[in-house]
Each structure stands twice: as structure tokens, then as C-alpha cells.
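There are 2 protein chains.
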Amino acid sequence: MKLYDLPGPPSPRRIRIFLAEKGVEIETVAVNIREGEHMQDAFAAKNNRRTIPALELDNGTVLTESDAILRYLEEKFPEPPLYGMTPEERAVVNDWLHIIDVDGFCAVADALRNSNPRFENRALTGARDIPQIPELAERGAKRIDYFFEDLEVQLDGKAYVAGDRYTVADICALVVVDFAGMAKKDIPDNCPNVKRWHEDVSARPSAKA
Amino acid sequence: MKLYDLPGPPSPRRIRIFLAEKGVEIETVAVNIREGEHMQDAFAAKNNRRTIPALELDNGTVLTESDAILRYLEEKFPEPPLYGMTPEERAVVNDWLHIIDVDGFCAVADALRNSNPRFENRALTGARDIPQIPELAERGAKRIDYFFEDLEVQLDGKAYVAGDRYTVADICALVVVDFAGMAKKDIPDNCPNVKRWHEDVSARPSAKA
Numbered sequence: 117m118k119l120y121d122l123p124g125p126p127s128p129r130r131i132r133i134f135l136a137e138k139g140v141e142i143e144t145v146a147v148n149i150r151e152g153e154h155m156q157d158a159f160a161a162k163n164n165r166r167t168i169p170a171l172e173l174d175n176g177t178v179l180t181e182s183d184a185i186l187r188y189l190e191e192k193f194p195e196p197p198l199y200g201m202t203p204e205e206r207a208v209v210n211d212w213l214h215i216i217d218v219d220g221f222c223a224v225a226d227a228l229r230n231s232n233p234r235f236e237n238r239a240l241t242g243a244r245d246i247p248q249i250p251e252l253a254e255r256g257a258k259r260i261d262y263f264f265e266d267l268e269v270q271l272d273g274k275a276y277v278a279g280d281r282y283t284v285a286d287i288c289a290l291v292v293v294d295f296a297g298m299a300k301k302d303i304p305d306n307c308p309n310v311k312r313w314h315e316d317v318s319a320r321p322s323a324k325a
Numbered sequence: 117m118k119l120y121d122l123p124g125p126p127s128p129r130r131i132r133i134f135l136a137e138k139g140v141e142i143e144t145v146a147v148n149i150r151e152g153e154h155m156q157d158a159f160a161a162k163n164n165r166r167t168i169p170a171l172e173l174d175n176g177t178v179l180t181e182s183d184a185i186l187r188y189l190e191e192k193f194p195e196p197p198l199y200g201m202t203p204e205e206r207a208v209v210n211d212w213l214h215i216i217d218v219d220g221f222c223a224v225a226d227a228l229r230n231s232n233p234r235f236e237n238r239a240l241t242g243a244r245d246i247p248q249i250p251e252l253a254e255r256g257a258k259r260i261d262y263f264f265e266d267l268e269v270q271l272d273g274k275a276y277v278a279g280d281r282y283t284v285a286d287i288c289a290l291v292v293v294d295f296a297g298m299a300k301k302d303i304p305d306n307c308p309n310v311k312r313w314h315e316d317v318s319a320r321p322s323a324k325a
């Protein structure tokens, strides 16, 4: 398999942290997005959605969604398990993965991509132009606050997002919290659990990936 | 386990179709959303997100995200498998589940919830008021067109969304296409593959669930 990667943005970082936690290295191709390589025919032939990361499997299938890439890597490299050890643990991990994606990741992306001139007509990733909606940036910023509130409650009395074990939910939440920083939203002072957890997961060597 | 259910909206329907395909019945509680039961304390104590469906596990955990509920049910009732038979099949199913969720479901929800007066201050599900953004309704309607275009390409030469086997991706895509109808967006005439597939999956007994 072959990973199409890019330093900087949050989505490919999820994959790199995950692989670092597994202690696995796979073939990686850096895509030069500043020179628009993701919009050119050669990359579009691999991934018509023009998004990064993408994972090309040995059978030629190209996965374009981080969620699918992470689940595939979990199957191929099961140790250590990062999706929980029992059906009930996996259920909580999956519940929070969706909450982190919709309430966290999408909120930050809305806030950033609908306000920063760098994302003019790029309010969503993908092949098509999507104009910015300033009101959506404001809504995104407010929803980031809500996400911090909810994460604070979830982390109360827990070492990690899904309980007492580090999982892929921590990876995705870490990436969202750092992504929020790019939208100038730091962890609020009234979220001590989030601060404690963020320090802890950021100190793992994988966080530098 | 116990399912909190509601006839009408798309998300609980996904769960009912899934259970019908498994040939499984579980304990179900109907939540009366018209009388605001989901906003009252008794339900909030179970699910603070106030969303339906929710699945209460035997250990007391309450899952609030359809994606997590479906994956848990797949583990508990593995036959027939609805997430693919091999890692590569599962990868395509997972890739499309995310595409259907973000490009399909969220687009229809944006179109509907940001325009219909019935959803005033309910532009997103959940415990908090979220004001409507009319421009987001317009963007949602355009993105539904894009979703149909992409689904048309995906279904070219394939019986089902993820290949030659019916999977949970068909369930989620069926529910999104019917949800689009609620936003007055029918399958466009230039999408014969989607029409053929939609007729096929709608004819399964599970589609009535």
C-alpha cells in the first residue's frame, strides 16, 4: 500500500500519528499541494476527490476518507489495538469518533475555511469550488466552544476520551484541538480536563508525527 | 439492549432497515418528538445530546451516533455481514459510508434544516439552538446535485454502492436519497444508475422498515 501525505493539515496528521502508535512505516508519497499537484491529472487519476490523505491499496483501490484509511490500517496492523478491546469499548470509541468528526472537525473547518482568504471558493475540500459563507465561519467558532464544553464533560474522571485506554478517539480529538488552534481557538480556561488530557497525549512521541 | 426510535426521520430508519436485513428484533422505545419528549429530563438523562436514534447497552452505556450503533449491531448480530467480507471490501464500504454521511446526509440536512420554518433555531440536531443560515440551505441543495453525480459514477457497472454485494453503504445511501426527496430533490434524469439502484434496494422488504 501507498499513502499520499502532506505535512501541516489535520487529516493526514491523524494517519501519521496512528502509524507512529502502531510502530509501522509504510510507503509514503508527498503531494505538493502548494503547487496544486492535487488538482492535476496525475493525482486526480488516483483520487478524483483531490483530497489528502489517500491510501492506495495493493489491489489498486484508493481510499480517500481518513476514517476508512484508519480502519483499514487497524485491520492490517492490529497491535496495539486502537479501537478498543471489547464490543462495548469499540462502541464508545466509534460514538466519539463521529462526535469528534461532526462537532469538532467540521466546526473548525467551517470556522477556518469560511473566513480565511486563503480558502476563497475552497470552503469545503474536494474537486469543486464551494464559496465561503461568513455566517458559517461564525457558527463554526461558536460550535468549537460547544465541542470544548462537551469534551470537558466526557474527560471528567477519565484518562482518555473513551475511558482508561488510549485509542484512535484520542488521536482524532488531539488533531481537532490543535486544528482549532489554527482557527485561533485555544482550549478555554474552564476546561481543565481537556488541558490535562491535551498535555498528556501531546507528550507521546507519536504526537510529533 | 434498548433502541430509542422514531418513525419518519432518516437516522432511525437506517437502524430499522439494518435490523430488518439481519432479521433481528430488539426492544424498542418510541420517543414522542412532537411533544418534545427528547428535550425533557427523563430522555436527556439517557442521552444528553437529545438525538434519536440512541442505543442503550446492557452495561448502561448509551450510544448516540448512528454509525456507532450500526457497527455495534454488526458485532452482536454478524449474519449476514453488512460491512463487507474482506479488509478490502470493508475499506470500500467505510470509504463510502463517510462520503454518504458528509456529502449526502449533511448536504440534505443543510438544505432542509436551514430553509424549513419548522427547523427555526434547529439547523443542527442536538441540545443547543443553532440559527438557520439561508445561504447554507442553497449550498446544501447544490451539494445534493454533486452527491447524485458522484453516486452515479460510483454505481456505473456495479449492482451496489460498494460492489456486487448489498451492504450498509446501500442502506445509508438509500436513506439519504429518500431524505433528499424530503428536501424536494429527486434523483435527476441524468442519473440512470442511481435510479436503477434505488428501485432495486427500495424493493427489498427491509426498505419498508
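In order, the protein sequence lines correspond to chains P and B. Under our numbering, the letters of the first sequence match residues 117 to 325, in that order. Under our numbering, the letters of the second sequence match residues 117 to 325, in that order. Even for Gly, the Cβ is constructed at its ideal location relative to N, Cα and C.
Could you pull out every unbroken alpha helix (DSSP H) segment of at least 4 residues lying fully inside the stretch 212 to 263 of chain P, listed in chain order? 222 to 229
Taking the alpha helix (DSSP H) that P:Y188 falls in, what are its first and last residues? The count along the first sequence starts at 1 and reaches residue 188 of chain P at position 72. 182 to 192 is the extent of the alpha helix (DSSP H) around P:Y188.
Beta strand (DSSP E) segment containing P:L290, residue limits: For the purposes of this step, residue 290 of chain P is taken as residue 174 along the first sequence, with counting starting at 1. Element bounds for P:L290: not the beta strand (DSSP E) but the alpha helix (DSSP H), 284 to 298.
Proximity to P:L186 [Cα-Cα], best of P:E268, P:F235, P:R129: Position 70 of the first sequence, counting from 1, holds the residue named residue 186 of chain P. That would be P:R129, whose Cα lies nearest to the Cα of P:L186.
Quick one: what does DSSP say B:E143 is sitting in, helix, strand or coil? Position 27 of the second sequence, counted from the start, is the residue given in the question as residue 143 of chain B. Three-state result, B:E143: strand.
Whether B:H214 touches P:D211 by CB criterion (8 Å): In the second sequence, the residue the question calls residue 214 of chain B occupies position 98. In the first sequence, the residue the question calls residue 211 of chain P occupies position 95. No, the Cβ-Cβ distance between B:H214 and P:D211 is not below 8 Å.
Just the C-alpha distance for P:K258 and B:V317, rounded to the nearest angstrom, thanks. Counting from one through the first sequence, the residue named residue 258 of chain P turns up at place 142. Counting from one through the second sequence, the residue named residue 317 of chain B turns up at place 201. Computed Cα separation, rounded: 40 Å.
Looking at the secondary structure, which residues open and close the beta strand (DSSP E) in which B:L135 lies? Sequence index remark: in the second sequence, residue 135 of chain B carries index 19 (1-based). Where B:L135 is concerned, there is no enclosing beta strand (DSSP E), although the alpha helix (DSSP H) it sits in stretches over 126 to 138.
Are three or more beta carbon pairs between the stretch 283 to 293 of chain B and the stretch 198 to 209 of chain B nearer than 8 Å? yes
How close, in whole Å, do the beta carbons of B:L252 and B:D226 come, if the pair is a contact with beta carbons under 8 Å? As a working note, residue 252 of chain B is residue 136 in the second sequence. As a working note, residue 226 of chain B is residue 110 in the second sequence. Between B:D226 and B:L252 the Cβ distance is about 5 Å, and since that is below 8 Å, they are a contact.
Near-chain P residues of the stretch 154 to 178 of chain B - C-beta to any C-beta below 7 Å: L173, N175, T177
Residue environment, B:N237, which counts as buried when at least 16 other CB atoms sit within 10 Å: To locate residue 237 of chain B, count along the second sequence from 1; it is residue 121. The residue is exposed, with fewer than 16 neighbouring Cβ atoms inside 10 Å.
Could you check which residue in B:F263, B:A239, B:R244, B:P233 has the C-alpha nearest to that of P:R244? Numbered from its first residue, the first sequence carries residue 244 of chain P at position 128. Comparing Cα positions, the closest option is B:F263.
Measuring only between beta-carbons, confirm whether B:E236 sits less than 8 Å from chain P. Position 120 of the second sequence, counted from the start, is the residue given in the question as residue 236 of chain B. By this cut-off, B:E236 is not an interface position.
Burial state of B:P233, where buried means 16 or more other Cβ atoms lie within 10 Å: On the second sequence, residue 233 of chain B is found 117 positions in, with the first residue counted as 1. With fewer than 16 Cβ atoms within 10 Å of its Cβ, B:P233 is classed as exposed.
Find out if the Cβ-Cβ distance for the pair B:A299, B:V224 is shorter than 8 Å. Along the second sequence, read from residue 1 onward, the residue named residue 299 of chain B stands at position 183. Along the second sequence, read from residue 1 onward, the residue named residue 224 of chain B stands at position 108. Yes, the Cβ-Cβ distance between B:A299 and B:V224 is below 8 Å.
Quick check: what's the CA-CA separation for P:I287 versus P:A296? Position 171 of the first sequence, counted from the first residue, corresponds to residue 287 of chain P. Position 180 of the first sequence, counted from the first residue, corresponds to residue 296 of chain P. Rounded to whole angstroms, P:I287 to P:A296 spans 14 Å at the Cα level.
Closest by CA to B:N175, which one among P:V147, P:A275, P:E205? For the purposes of this step, residue 175 of chain B is identified with residue 59 of the second sequence, where counting begins at 1. The candidate whose alpha carbon is nearest that of B:N175 is P:E205.
In three-state terms, what does DSSP make of B:D121? As a position in the second sequence, residue 121 of chain B is number 5, starting the count at 1. B:D121: strand per DSSP, three-state reduction.
With DSSP collapsed to three states, give me the class of P:E265. By 1-based counting over the first sequence, the position of residue 265 of chain P is 149. The answer is helix: DSSP assigns P:E265 an H, G or I state.
By DSSP's criteria, B:Y276 is part of a beta bridge. Which residues make up the other side? Position 160 of the second sequence, counting from 1, holds the residue named residue 276 of chain B. BP columns for B:Y276 point to B:G279.
Below 7 Å on C-beta distance, what does P:T180 contact in chain B? Here the question's residue 180 of chain P lines up with position 64 in the first sequence. Near P:T180 (Cβ distances below 7 Å), the residues of chain B are D211.
On the CB-based measure, 16 or more other CB atoms within 10 Å of its CB, does B:Q156 come out buried or exposed? The sequence position of residue 156 of chain B within the second sequence is 40, counting from 1. With fewer than 16 Cβ atoms within 10 Å of its Cβ, B:Q156 is classed as exposed.
At what residues does the beta strand (DSSP E) containing P:A170 begin and finish? For this step, residue 170 of chain P is matched to residue 54 along the first sequence. Per DSSP, P:A170 belongs to the beta strand (DSSP E) from 170 to 172.
According to the Cβ coordinates, are P:V140 and P:Y120 closer than 8 Å? Counting from 1 along the first sequence, the entry for residue 140 of chain P is found at position 24. Counting from 1 along the first sequence, the entry for residue 120 of chain P is found at position 4. No; because the gap between Cβ atoms is not below 8 Å, this pair is not in contact.
On the DSSP letters alone, give me the boundaries of the alpha helix (DSSP H) that P:E315 sits inside. Indexing the first sequence from 1 puts residue 315 of chain P at position 199. Segment 308 to 318, the alpha helix (DSSP H) holding P:E315.
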